[in-house]
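Below is one structure, written out as structure tokens, with a few remarks after it.
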Amino acid sequence: MSQNSLTISDRIQNHLDDLTRAERQLAHSILENYPASGLGPLSALAKDAKVSVPTVARMVQKLGFNGYLDFQTELREELKAKVQDPIAKHDTWAEAAPTEHVLNSFTDAVIHNIRQSLAHIDPVAFDQACALIADKQHSLCITGGRLTQTLAEYFFSHLQVVRPKVTHIQSSSSAWPHYLLDMKKDDVLVIFDMRRYENNSFKLAQMAHEKGAKVILITDQWRSPIHQIADFSFSCRIVVPSAWDSAVTPLLLLETMISTVQNLTWGETKGRIKALEDMFDQTKQFRKFT
299 MSQNSLTISD RIQNHLDDLT RAERQLAHSI LENYPASGLG PLSALAKDAK VSVPTVARMV
359 QKLGFNGYLD FQTELREELK AKVQDPIAKH DTWAEAAPTE HVLNSFTDAV IHNIRQSLAH
419 IDPVAFDQAC ALIADKQHSL CITGGRLTQT LAEYFFSHLQ VVRPKVTHIQ SSSSAWPHYL
479 LDMKKDDVLV IFDMRRYENN SFKLAQMAHE KGAKVILITD QWRSPIHQIA DFSFSCRIVV
539 PSAWDSAVTP LLLLETMIST VQNLTWGETK GRIKALEDMF DQTKQFRKFT
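Each residue of the sequence shown is one higher than the one before, counting from 299 in this note's numbering.
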């Protein structure tokens, strides 16, 4: 794996165990408002993180950069990547189109995304998030944005079978305030927000957070601004040779979550599935081959 294929966030996560206390403090400060946090002068970054200027210089070198200017150049490239529209993304890939068939190049990109994403997901945090989603003592709300709404609907369709009190919140700002009326402390909001990050999604997450809800964010490798208030944030790599981003890695994460929550609640879930299948039989919704 080449160093250039990693985001600076990836590099920081890979080196956390090798950093000194001051460098780790700096790393967390960078990640808090990533990638914009490193775009100012070196002295400003050191001041914001409450560390010395030499600490910044040392950590930048540990991350594999020749100096702070090199570090900033990479950050600016990442910032450009965050805001690319579909046409710009297509042009980026077209300039370096691979010679092999697209089936191979696309699959290679997806496999790379999966490996990199899984390498940076904390299993403990994953288990804790799934436990929150499984806790039927609290209501569960699920929402997405313009394109990620499809992922939200998929997650909702399964979770409403697995456990009670699950709501799919429509992303329109004229609709979601109604759902916030009944949201209580320690209810759970699962929200999908990937580039280009949506103002409606941030406002919804912020208002839910202010009501005491637990926020679980599914985002991309650059991380939605919602990560600043999320209780759990899971980053999925989404870049492929296409004008659109890939949903394969987020979908893998979702299906793993569904399986985990199902196992945690199986005693009740089994009965819910049986009751649902009985209803399907009565409505004759599905063909039976007997």
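Here a beta-carbon is modelled for each residue, glycine too, at the ideal position from N, C-alpha and C.
In angstroms with no decimal places, state the Cα-to-Cα distance between K434 and K463. 7 Å
For T547 versus I412, is the C-beta distance shorter than 8 Å? yes
Under 8 Å, do S470 and Y495 count as touching if we go by C-beta distance? no
Rounded to whole angstroms, how far is the Cβ of A320 from the Cβ of T353, which I believe are closer than 8 Å? 5 Å
According to DSSP, is D518 part of a helix, a strand, or is it coil? strand
For A473, collect the residues of the same chain with a Cβ closer than 8 Å to its Cβ; drop the 5 residues on either side in sequence, then sort them by chain order. I467
Please give me, in chain order, every unbroken run of the alpha helix (DSSP H) with length at least 4 that falls completely inside the segment 407 to 447. 421 to 432
Let me know if M481 comes out buried or exposed under the rule of 16 or more other beta-carbons within 10 Å of its beta-carbon. buried
Taking all protein chains shown into account, decide if E372 is buried (16 or more other Cβ within 10 angstroms of its Cβ) or exposed. buried
If I measure Cβ to Cβ from I454 and keep anything under 7 Å in the same chain, skipping five residues before and after, which residues do I get? A small correction: the amino acid at residue 454 is Phe; Ile does not occupy that position in the sequence shown. Result list for F454: I440, V464, H466, in chain order.
Verify whether the separation of the beta carbon atoms of L377 and H313 is less than 8 Å. no
Alpha-carbon to alpha-carbon, V459 and W564: 11 Å
I need the boundaries of the alpha helix (DSSP H) containing V546, first residue and last residue. 546 to 562
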